[in-house]
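Once you know that position 205 of the sequence shown is 204 in numbering that gives the first Met the number 0, the rest is easy, because the numbers rise by one and skip nothing.
Heads up, the beta-carbon is just placed ideally off N, CA and C, and yes, glycines get one too.
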Amino acid sequence: MASALNPSGETEGRTTIGASALLLETRIGSLIRDCRYRYPKVQVSPRQLAMSNAYEAVRTGEVDVALVHGDCSAPENAPAGIVIEELPPLEVVPVGSTALVESADLATSLTSVRVLAVDPDCASHHILVTALREAYGIDPQVIEAGSMGGARQLARTGYGIAMLPSESLRQPEEGHHLAVLPGLPRAQLGVRALWAGPELARAAVSAVCDVATRVGRETVTQMA
């Protein structure tokens, strides 16, 4: 990380930000755009980050800030000095093809689909597994989709169903031929920013954390 205040008092620098798969495809684009507007001299370099590696990535300086969602509790041997900041939550909803949602017998149709896991570190797909078992007596196979794009494509074909961010379905190209499945639960996933202590929480890093909070808050307000 390189960060400073230039002679005019304007924040400048470069920040590497790691994000979980769901956040990379929902929050990071808006974060970069907002940073360019509010802090034009701050450069944000994004990358996908496994949530299980978030604390270590921050500790070693692999990333300056890590954005994670869901249950990303600090490990027992969590590095000292890691600061956790709560950000606005991410809502995920059960999604399948429009053909599946509109089927005459949804219960029967669900017996042949798989549950698609976007991020193996995220437990949201377990919500679907539990709901299908309790509501329909179905014990579905879980398939790792690898990304939100992969999960959307597989869901469109009727291969499986997935828990996807509700905000992502507002984009016509992403929500095409997809619909929210009735009778299955939604979930609110906590979102957190991790960074390496007050001594680094200035200039570019603090600017990015500020924008991440704004982006999440605006998104939640729009979805309400």
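In the DSSP annotation of this structure, the continuous segment of the alpha helix (DSSP H) that includes V57 starts and ends at 53-59. Beta-bridge pairing by DSSP links T14 to V43. C-alpha of I81 to C-alpha of E101: approximately 47 Å in a straight line. In this structure A116 touches E143 by the C-beta definition: roughly 5 Å separates them, less than 8 Å.
Non-local C-beta neighbours of V179 in its own chain, meaning closer than 7 Å and more than five positions away in sequence, comprise V92, P93, V94, ordered along the chain. The beta carbons of A18 and I31 sit no closer together than 8 Å. Buried is the label assigned to D120, since at least 16 other Cβ atoms lie within 10 Å of its Cβ. Cβ-Cβ separation between T25 and S44: approximately 18 Å, too far for a contact (criterion under 8 Å).
Taking each of P181, L21, S51, V190 in turn and checking the Cα distance to T97, the smallest one comes out for P181. Counting only the Cα atoms, Q140 lies some 24 Å from L168. When only Cα atoms are considered, L153 and A195 end up about 38 Å apart. Your pair V64 and V190 does not check out as a contact, with CB atoms roughly 12 Å apart and the cut at 8 Å.
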